[in-house]
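Accompanying notes for the structure given below.
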Amino acid sequence: MLNGFIILLIFFLIGEFIANLFAWPIPGSVMGMLVLFIFLIARSGIPKSIKHSSETLLPYLPLFIVPASVGIVGHLYLLQQDGLIIVLAMIASLVVGIPLCGWLMQKILAWQAK
Amino acid sequence: MMHWQAALSGIWQSPYLGLLLTLMSFQAGLVLFKRSGSKPWLHPVLVSAASLCAIILLTDLSYERYFESANFLNQILGPVIVALAIPLYENINLLKRYWFAFVVSNVVGGGVTIFMAVAIVYLGQGSDVSVNTMWTKSITTAIAIDLAPGIGGVAALAAALVMFTGVFGAMIAPSLLRLFRINHAAAQGTALGVCAHAVGTARALEMGSVQGAFAALSMCFMALLCALLLPFMLS
Chain V
65 MLNGFIILLI FFLIGEFIAN LFAWPIPGSV MGMLVLFIFL IARSGIPKSI KHSSETLLPY
125 LPLFIVPASV GIVGHLYLLQ QDGLIIVLAM IASLVVGIPL CGWLMQKILA WQAK
Chain D
3 MMHWQAALSG IWQSPYLGLL LTLMSFQAGL VLFKRSGSKP WLHPVLVSAA SLCAIILLTD
63 LSYERYFESA NFLNQILGPV IVALAIPLYE NINLLKRYWF AFVVSNVVGG GVTIFMAVAI
123 VYLGQGSDVS VNTMWTKSIT TAIAIDLAPG IGGVAALAAA LVMFTGVFGA MIAPSLLRLF
183 RINHAAAQGT ALGVCAHAVG TARALEMGSV QGAFAALSMC FMALLCALLL PFMLS
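Read top to bottom, the protein sequences are chains V and D.
With the first letter of the first sequence counted as 1, position 102 gets the number 166 in the working numbering; the numbers rise by one all the way through.
With the first letter of the second sequence counted as 1, position 165 gets the number 167 in the working numbering; the numbers rise by one all the way through.
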């Protein structure tokens, strides 16, 4: 567990390093994920320690987003101001987006099968 | 002589209070979620965050003091996001046959929902912060939180938006997919992953393992794509 977590932390810091080096506005976590992904492809396999740590940590991902989510208490004015239009935009984009994504994929697969 | 008041206020002032409250409310949310048969609107994050918001609004516990105490959980988020590379890698060979259809439906379908949502809030005269935050709507919550401040948005609003699409999307997706006769398992999973992220992926897993794998793949793909492109487009 600890070994895998150390490796994840190192990849996270490599990600931060790369993002800072090129002054890219990308979060270090995402850059680290990309670097780890490329590393796994190059190595064509997942080291046991990383696999173990990710299997232990990933189920708790929802827990780790709670503290930042609670920050909404400081932005209630935003919800008061824009809440209605935001909810409207979300619903409209979902009602269009879900069928569109599925339909596109299904159409292309059917077309390729021909 | 016992000092009840001092001892109790010591607990209330403890730097561990926020951490304890977060863990307890999340655990309670998990139990509630399982008992309800995994109802999306009883998602543990929603239950936990809502109860913590209520506590902060109703008592003298400030968000700053709460966050300082729960910051430990927030800090682990970075390396845990890195770990998302593992499920992505594990599912990547599923794409061998489907990659073209997968990429097109993610980019076009995802692009349309994002632009549509941003455009509606912009035209509806939403504030700049809200418009900027809308761009994160197709990114999984953890990454949306990390990305939002860099593009002029608010992390907590991003979390709320993404939770909303996730929960609402997971609720309406099955009927929408039936209505439009989308019955290909990979297509169903992709639609859920692009539009409803993690909550949608959980829902897709209930529909089948293929749906679940494709939902997880599109969730990771959309998150990566948006996180790599949006900061350059918007800053």
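All residues carry an ideal CB built from backbone N, CA and C; glycine is no exception.
Small disclaimer: the values here were computed from a predicted structure and weren't measured.
For the stretch 74-91 of chain D, the beta-carbon criterion of a distance under 8 Å to any beta-carbon of chain V is satisfied by L75, N76, I78, L79, G80, P81, V82, I83, V84, A85, L86, A87, I88, P89, L90, Y91. C-alpha of R205 (chain D) to C-alpha of H45 (chain D): approximately 11 Å in a straight line.
With a contact defined as Cβ atoms closer than 8 Å, S117 (chain V) and G68 (chain V) qualify at about 3 Å. Under a 10 Å Cβ-count criterion, D130 (chain D) is classified as exposed, with fewer than 16 other Cβ atoms of the shown protein chains found around its own Cβ. Around the Cβ of Y100 (chain D), a 10 Å sphere holds 16 or more other Cβ atoms; the residue is buried. For G39 (chain D), no chain V residue has a Cβ inside 7 Å of its Cβ, as the nearest lies near 18 Å away. Taking a contact as a CB-CB distance under 8 Å, the pair A158 (chain D) and S133 (chain V) counts as one, their CB atoms being some 6 Å apart. When C-alpha distances from Q127 (chain D) are compared across V:A174, V:I172, V:K171, V:G147, the shortest belongs to V:G147.
A51 (chain D) and A30 (chain D) have their C-alpha atoms some 12 Å from each other. In summary, the residues of the stretch 118-137 of chain V whose CB is separated from some CB of chain D by less than 7 Å are S118, L121, L122, L125, P126, L127, F128, I129, V130, P131, A132, S133, V134, G135, I136, V137, in the order they occur in the chain. Here the C-alpha atom of L143 (chain V) lies approximately 39 Å from the C-alpha atom of E92 (chain D).
For the pair F75 (chain V) and P151 (chain D), the Cα-to-Cα distance works out to about 22 Å. Each of V:I71, V:L73, V:I78, V:I90 was checked against the Cα of L227 (chain D), and the nearest Cα belongs to V:I90. In this model, G112 (chain D) and G138 (chain V) are separated by some 30 Å (Cα to Cα).
In this structure the stretch 134-154 of chain D does not lie against the stretch 162-177 of chain V, because fewer than three pairs of beta carbons, one per stretch, are closer than 8 Å. The beta carbons of L21 (chain D) and S71 (chain D) sit about 5 Å from each other, so the pair counts as a contact at 8 Å. For the set V:V159, V:C165, V:W175, the Cα lying nearest the Cα of G171 (chain D) is the one of V:V159. In chain order, P131, V134, G135 make up the part of chain V whose C-beta sits under 8 Å from the C-beta of F69 (chain D). Taking a Cβ-Cβ threshold of 7 Å, the residues of chain V close to G111 (chain D) are G161, L164, C165, L168, in chain order.
Nearest CB-CB separation between Q145 (chain V) and chain D: below the 8 Å threshold. Rounded to the nearest whole angstrom, the C-alpha separation of C165 (chain V) and S16 (chain D) is 49 Å. Residue state for N185 (chain D) is assigned as coil, using DSSP reduced to three classes. The beta carbon of F28 (chain D) is closer than 6 Å to those of P46, S50 in its chain, skipping five residues each way along the sequence. Between T115 (chain D) and S132 (chain D), the C-beta spacing is not below 8 Å. Proximity to F74 (chain D) across D:M118, D:H186, D:Y18, D:D62 peaks at D:Y18, based on C-alpha coordinates. The beta carbons of M97 (chain V) and I83 (chain D) sit about 6 Å from each other, so the pair counts as a contact at 8 Å. For M136 (chain D), the enclosing alpha helix (DSSP H) has its first and last residue at 130-136. Any Cβ of chain D closer than 8 Å to the Cβ of M65 (chain V) would place that residue at the interface, and such an atom is absent.
Straight across, the Cα-Cα distance linking A174 (chain V) with I184 (chain D) is about 12 Å. Cβ contact annotation for W14 (chain D) (same chain, cutoff 8 Å, sequence separation greater than five): L63, in chain order.
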